[in-house]
Amino acid sequence: MEMRCRCGDKCIRPISETLKDIELFYKPCNNCKIGKIKKFSPLAEQINLDEIDNYFGSCKCGKRHLDIVISHVLKIMIDEGVKNKKANLRNSCVPLVTPGYPTDSVPYLPKDSLVILSNEMDKRCAERIIKEVREVSGVLKGDIRKIVGIKDSDSNPHVYELLAGCDLRCDIVQTPYGALGIYKYQREIHIEFPKTKSPKIEILEKVMEEYEKPTVLDCTCGPGTLGIACLKANAQKVVFNDIWSPAIEITLINLEANGFPVKPSGSEEGLIASGDKFEVYSMDIRELANYLDKKFDICIIDTFPGVDTKEFVEAAGKLGKKVVLV
């Protein structure tokens, strides 16, 4: 399957390439300038806003401190009337670095390594940010307190609005079976900030230790993280499923990007795609039993916070010997 980003650019690449020198990706060089901006004090009281442009705080290596980049973004938001002159870095926007990789200090950003989210943004301001701030690849309008996606077939989906640029991000997820790269169109897939250790992966590891080569059903796969981890852990077979079609679209991309070639399905009803040791479906978990004729060793359920999981567990119980809530 060809990995092509919606924006038409070459945003998607094999994760093996992304992981090369990843530990140096956000590291400053010896000449990089340190960001000394107070996050809770008004930016306009610390810096002459007219001095902020792409040269402000820049280095020959092409990186700038995250606080300097957000200062540039905030300056434009103030210019455009989206924020007032009392605005500070802390209440400016939500910065989402890409690739999302846990660092022990504030990152220094190269070109096109940041997507920003703001509930106050407008299109004119967003387009100016994309044009003027080289580190920003995409601008979203939305409330981070509201999870994007769909809870179940009885719910309405919620998405953020892409105002400018491209919102594709890659999160690096560490697992005992090797690092994964998980792409997400951030307007449609929930935000997870990178951690050195993922609690979900730790739960999965304990379950996988009970089996040699289990069959696994990832009932609510999202972007495919847990199911792909199972493939890396040498599962006998993994079936991915999610009712949210954008999640399935990105799961297919993530399978390819992590080294698992995808073949579009033929005429088999309900099946979206398949590959060596995996299949991909997109339907309500309560309907899956009508399409899958075998019981899995493990059924994984990963729902949104606050969702009543009773029906999910009952449906998964018909399909698997062990149901795991993460």
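Numbering (the UniProt record's numbering), first residue to last: 1 to 326.
Beta carbons are placed, not taken as given, at the ideal position from N, Cα and C, and that holds for glycine.
Give the secondary structure of residue i by DSSP, where H, G and I count as helix, E and B as strand, and everything else as coil.
i    : result
G138 : strand
I144 : coil
L43  : helix
K321 : strand
R6   : coil
I34  : coil
A235 : coil
K263 : strand
L109 : strand
R124 : helix
P246 : helix
N254 : helix
N290 : helix
S16  : helix
C230 : helix
V313 : helix
E269 : coil
Assuming residue i contacts residue j under a Cβ cut-off of 8 Å, what Cβ separation, rounded to an integer in Å, is found between them?
i    : j    : result
F296 : G275 : About 17 Å separates the two Cβ atoms, so there is no contact after all.
I298 : V207 : 6 Å
V280 : A289 : Their Cβ separation, rounded to whole angstroms, is 17 Å, which puts V280 and A289 out of contact at 8 Å.
K33  : G57  : 5 Å
C5   : N31  : In fact, because the Cβ distance is near 33 Å, the residues do not count as touching under 8 Å.
Can you tell which of the options has the C-alpha that lies nearest to the C-alpha of residue i?
i           : options                   : result
K123        : V82, I301, I272 and R187  : V82
V173        : R6, S198 and I68          : S198
D167        : V139, T175 and P305       : V139
I52         : K27, S41 and D79          : D79
G35         : K63, I228, V262 and E17   : K63
residue 347 : I37, K263 and I253        : A question about residue 347 goes unanswered here, because the residues of the chain that appear run from 1 up to 326.
L109        : L24, T175 and L74         : L24
F193        : I144, K39, E202 and E287  : I144
S41         : F56, K20, S92 and C219    : S92
E256        : G306, G181, K85 and N31   : G181
E120        : A87, S113 and V136        : A87
S113        : K146, E135 and L162       : E135
C125        : Y211, G165 and C5         : G165
Y291        : K318, K310 and K27        : K318
R169        : A315, S137, P157 and N156 : S137
I18         : T309, P157 and G259       : Contrary to the premise, residue 18 reads as Thr rather than Ile in this sequence. Here the closest residue by C-alpha is G259.
K27         : S105, K85 and E311        : S105
T175        : E209, Y211 and A233       : A233
F304        : H158, E202 and I228       : H158
S282        : S245, A316 and T215       : S245
Between the beta-carbon of residue i and the beta-carbon of residue j, is there less than 8 Å?
i    : j    : result
G224 : D171 : no
A247 : G270 : no
N54  : E127 : no
V326 : L204 : yes
C29  : C61  : yes
T103 : V115 : no
A235 : K213 : yes
S153 : I300 : no
L96  : I191 : yes
I189 : G149 : yes
I250 : Y183 : yes
S71  : I47  : yes
I129 : I68  : no
Y160 : L117 : yes
K195 : K237 : no
K39  : L74  : no
P107 : L66  : yes
M3   : P264 : no
V323 : V313 : yes
R187 : L217 : no
I147 : C219 : no
K151 : V262 : no
L226 : D293 : no
Start-end ranges of the alpha helix (DSSP H) lying completely within the stretch 143-218, minimum 4 residues: List check, alpha helix (DSSP H) in window: 199-208.
Beta strand (DSSP E) segments (min. 3 residues) lying fully within the stretch 40-107: Listed in chain order, they are 94-97.
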